[in-house]
Amino acid sequence: MCGIVGYIGKKNATRTVLEGLKRLEYRGYDSAGIAAINASGDIFLKKAVGKIVSLEKKLNPIPSSTLAIAHTRWATHGEPTVENAHPHTDCKNEIFVVHNGIIENHEKIRAALLREGHTFCSSTDTEVLAHLIERCIAFGASDLAEAVEQAVRHVQGTFGLAVIYSREPAVLVGVRRGSPLLIGLGKQEYMLASDASAIVGKTRRVIYLNDNEMAVLTPFSKKIFHLLRSGARRKKELKKPVSMIDWSIEDSQKGGFDYFMEKEIFEAPSVIENALRGRIIARKGEVKLGGLDAVRNRLRDSRRLIIVACGTSYFAGLIGKYLFETFAGLPTDIAYSSEFRYQPSVMDKNTTVLAISQSGETADTLGAIREAKKRRALTLGIVNVVGSSVTREVDAGIYNYAGPEIAVASTKAFISQLSVLVLAAIYLGRMRGFLSSEKSAPILQELLSLPGQAQKILERDVHKIKEVARVYKNHNNFLYIGRKYSWPVALEGALKLKEISYIHAEGYASGEMKHGPIALIDKHFPVLVVSPRDSVYTKTLSNIQELKARGAKIIALASEGDTEIGHHVDHVMTIPKVREELSPILSVIPLQLFAYHMAVLKDHDVDKPRNLAKSVTVE
Ligand code: M6R
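Using the numbering used here, the final residue of the sequence shown is 869, and nothing's skipped along the way.
Rendered as structure tokens:
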């Protein structure tokens, strides 16, 4: 979603934030802008709609400055236009603000400011912030920091803000409530960013701001405070821990692949390895998850688990439900985070709510966690981005260690989420005395073999999958079906195809087809059937017959060595044979590759599909 970068220090600030913006491109955006101030207080503001190169053209030559803020915008309030792009400014063009989040009461504030004579240039919610700060300065705030602090008291909603003021050309102010913001630490220089990717080429040392914290940065000092309530007395400066970013700029580059998505699919073997590393004592059938130790007792006493997540993470959660019920005997429900927030779910201290999120910043999932906490549930997270908001809000959790996922369409995160879910289910099963070590040991042994099996798929089958994609690239509709563990895989396969190839794709439980969707089927409506040799294989074969009888073209995703299925379908893609609880970790790979090649053949911008953002930080 929207991205923020700010810089103060001795380098050219304009160039530095521009480079940061380019590294945020992967998040998805529709316009971008920069405001810079040089040491004498001269201001420079440029904005452009579309790609960052359009903004760069307007910056030629790049003006030198010591202080700058920049933003990539993904429209929520107001069209993607130059006027609506950030930074936004006040009536005197002295204060500049970039903002992630939503100001919910912006209309009311705007009306009041209009009555006082302020003039507005955009239809965004953000612009009210610039005018509110201007107003606070006019009414006596002693400096920019105090004015920002006073201004945000009037605001309802969420924000991560970076603010500069031409009369204080050596101060950069950042403040957060509900939208991520971190400080990058350099030598006599500081950066502000909504995402570590924006600064990773410049520094590895960062401080994550929590909600209601404000940073006041100069080239020589950094001060972090709690936001004060009106009339409260300033408390001492906060001393916050410095974290190290442990991935490099190369990690977030394409590494010889055409697209990040392709690179990330090919990382599957190492992603599984990283998720499992140091967490399995195979011969004892034990799983170690240090992140859950602190809540071990509450977890053991839990009587119900509710998984909350969105999009791809939700589909991982659907598989998680089967895993927790099978391996841990724990009654498990799953809800979309956006629905959970408003559901009258009955919860108590014996309920555990598990949030799954790649980014750890998804607004709906954060909202679901807060709701669960209100209702006294134990909250857990399975999260990829270290230090993200979810990790700081839950009681305990497990990291994916999948590395940065840049492509908007999630691939490697799904694979690592499934790997971690298997571990978590076995951990719980063993701890609760539901699963014996005789049963868990062979499952863990097989889990450890999956990186090699994933590698086999990637080395052997890509050409074939590309050929199948060539056959189907001009179809406008697709149905994906599967049963039991393969049903969520079908849903995820369909989501991938929709997201990047813009082909209408439905994911369905195979058994549900006859209750409606089969009416759609004819020779123009191809069906991809996820059909490994599992406990429901024969039922899936019957579904294939029903489809064939209606003239459907069928692609089957089958287990290696299945000589029967080829007689009933048009194309077969294969995965190595593994137990059904583990098969989604492998079966999703050909579906990711299929969607990827369909999109490439259609000449789409695979990594940045239209209308989508990597991290959805608005409700
Ligand atoms: O970062 P999260 O896992 O919380 O994100 C959830 C969804 O927004 C995400 O999975 C989305 O559906 C992706 N575009 C899927 O490819």
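Cβ coordinates follow ideal geometry from the N, Cα and C atoms, glycine included.
- In the structure shown, I656 adopts coil according to DSSP, grouped into three states.
- Taking N262 as reference, the option from D292, S314, A286 and E306 with the minimal CA-CA separation is S314.
- Around the beta carbon of H754, fewer than 16 other beta carbons lie within 10 angstroms, which makes this residue exposed.
- One thing to note: I254 has its Cβ no nearer than 8 Å to the Cβ of A420.
- Per DSSP, the continuous beta strand (DSSP E) segment holding R323 begins and ends at L317 to R323.
- Contact check for R550 against K538 fails: the beta carbons are separated by 8 Å or more.
- Separation of the CB atoms of T316 and G407 is rounded to 31 Å, and the pair is thereby denied contact status at 8 Å.
- If one requires a minimum length of 4 residues, the alpha helix (DSSP H) runs lying completely within the region 718–776 are 736–751, in chain order.
- Listed in chain order, the non-local C-beta contacts of G570 below 6 Å within the same chain comprise I557 and L671, local neighbours out to five positions each way being set aside.
- One Cα belongs to V819, the other to G283, and the distance between them is close to 52 Å.
- The secondary-structure analysis by DSSP pairs N462 with nothing; it has no beta-bridge partner.
- Using a 10 angstroms sphere on the CB of G428, the tally of other CB atoms reaches 16 or more, which defines it as buried.
- At a threshold of 7 Å, G561 counts as near the ligand M6R, since its beta carbon sits closer than that to one of the ligand's heavy atoms.
- In this structure, T641 has its beta carbon at no less than 7 Å from each heavy atom of the ligand M6R.
- Excluding five sequence positions before and after D280, the CB atoms of its chain that fall closer than 8 Å to its own CB belong to V299, G300, R323, W324, A325 and P330, given in chain order.
- Excluding sequence positions up to five before and after A585, its CB lies within less than 6 Å of the CB of V558, all in the same chain and listed in chain order.
- Assignment of Y279 by DSSP, reduced to helix, strand and coil, places it in the coil class.
- Counting along the chain, the unbroken beta strand (DSSP E) around G647 starts and ends at A646 to Y649.
- Around the beta carbon of G390, fewer than 16 other beta carbons sit within 10 angstroms, so the residue counts as exposed.
- Bounds of any alpha helix (DSSP H) do not take in H821; it lies within the beta strand (DSSP E) bounded by H821 to I825.
- The C-alpha of Y649 is placed about 14 Å away from the C-alpha of T629.
- Under the three-state reduction of DSSP output, A863 falls in the coil class, being neither helix nor strand.
- Short of 8 Å from the beta carbon of A627, and not among the five residues preceding or following it, lie these beta carbons of its own chain, in chain order: I556, M597, D598, K599, T601, T602 and V603.
- Under DSSP, F475 takes part in a beta bridge, and its partners are M464.
- For E418, the secondary structure class from DSSP, reduced to helix, strand or coil, is coil.
- In the structure shown, F370 adopts coil according to DSSP, grouped into three states.
- Secondary structure of L778 (DSSP, three-state): strand.
- Beta-bridge annotation (DSSP): I293 is paired with I287.
- Beyond the five residues adjoining it in sequence on each side, G291 comes within less than 8 Å, by CB distance, of S416, R417 and P419 in the same chain, given in chain order.
- Note that the C-beta distance between K513 and K504 is below 8 Å.
- Under the DSSP assignment, T562 falls in the alpha helix (DSSP H) whose first and last residues are G561 to A578.
- The region 719–730 and the region 694–701 do not touch, with fewer than 3 CB-CB distances between them shorter than 8 Å.
- Contact check for V780 and G702: beta-carbon distance about 22 Å, past the 8 Å limit, so the pair fails to qualify.
- In the three-state scheme derived from DSSP, where H, G and I count as helix and E and B as strand, V267 is classed as helix.
- With at least 16 other beta carbons inside 10 angstroms of its own, D645 counts as buried.
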